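Trainee: Encoded as structure tokens, here's the structure I'll be asking about.
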Ligand code: SF4
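Numbering (the working numbering), first residue to last: 39 to 248.
The structure is reproduced here in structure tokens:
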């Protein structure tokens, strides 16, 4: 895609979705860490229903570090792989207490040392909870950025992140990520994208190549 079209598209995306937020509900970086671990291969709505009650009872790494996975069953048993995820959350809580004074670290390198935290989750925490510039490559951003023609079709998640970082100004990385995630959920579905009502169709490579 030509540079001027890329720029036009980025501006349009930020204009249509100026201030999107994550769908996961959280009240602190630690709660977002817990919610994002629970959200792997699970719907955000199901996670939000669970964490609404969970976070009324357990809120901090200290609270979670004292638990056994079974203690979380009443709250999270409807979530896929709940037992494994409970183990990961409890381990992560212990690590935060032992190595980070009970706080979620604010650097990607440190976040990646937490078992269960990959690049997507680390970036989600940096961007969503700490307000730092981060490109969050979830399934929606991956699909939409490829369909639009902003990144190459075969790019792996780390390559998608690198390509987006090259074309979007750093101050807009998080905002742009959340915008494409919203667009993927709302209009550019994996199956049957609603191209006829898409505000980006005139610039979209997928649409214009059909
Ligand atoms: S035109 Fe269609 S494929 Fe392209 S971004 Fe919009 S919904 Fe997705």
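Where a beta carbon is used, it is the ideal one built from N, C-alpha and C, also for glycine. Predicted model only: the values in this text are computed from it and were never measured.
Which of helix, strand or coil does DSSP assign to residue 248?
Mentor: One-based indexing of the chain shown puts residue 248 at position 210. Of the three classes helix, strand and coil, the one that applies to residue 248 here is coil, per DSSP.
Trainee: Let me know if residue 96 comes out buried or exposed under the rule of 16 or more other beta-carbons within 10 Å of its beta-carbon.
Mentor: Translated into the one-based positions of the chain shown, residue 96 becomes position 58. Counting Cβ neighbours within 10 Å, residue 96 comes out buried, since at least 16 surround it.
Trainee: Do residue 39 and residue 47 count as a contact pair if the criterion is CB distance below 9 Å?
Mentor: Taking the first residue of the chain shown as 1, we reach residue 47 at position 9. Taking the first residue of the chain shown as 1, we reach residue 39 at position 1. The answer is yes: Cβ separation under 9 Å.
Trainee: Would you check if the segment 73–85 and the segment 107–127 touch, i.e. whether three or more CB-CB distances between them fall below 8 Å?
Mentor: yes
Trainee: Taking buried to mean at least 16 other C-beta atoms within 10 Å of its own C-beta, is residue 232 buried or exposed?
Mentor: As a first step, residue 232 is located in the chain shown; it is residue number 194 there, counting from the start. Classification for residue 232: exposed.
Trainee: Is residue 105 near the ligand SF4, judged by its Cβ being under 8 Å from some heavy atom?
Mentor: Position 67 of the chain shown, counting from 1, holds the residue named residue 105. Answer for residue 105: no, Cβ out of range of the ligand SF4.
Trainee: In this structure, does DSSP put residue 117 in helix, strand or coil?
Mentor: For the purposes of this step, residue 117 is taken as residue 79 along the chain shown, with counting starting at 1. Of the three classes helix, strand and coil, the one that applies to residue 117 here is coil, per DSSP.
Trainee: DSSP on residue 85, reduced to helix/strand/coil?
Mentor: For the purposes of this step, residue 85 is taken as the residue at position 47 of the chain shown. It is helical.
Trainee: State whether the segment 129–137 contacts the segment 158–175, with contact taken as three or more CB pairs (one from each stretch) at a distance under 8 Å.
Mentor: No: the two stretches stay apart, fewer than three of their Cβ pairs being nearer than 8 Å.
Trainee: Nearest to residue 85 by alpha carbon, out of 102, 60 and 227?
Mentor: If you number the chain shown from 1, residue 85 lands on position 47. Nearest option by C-alpha distance: 60.
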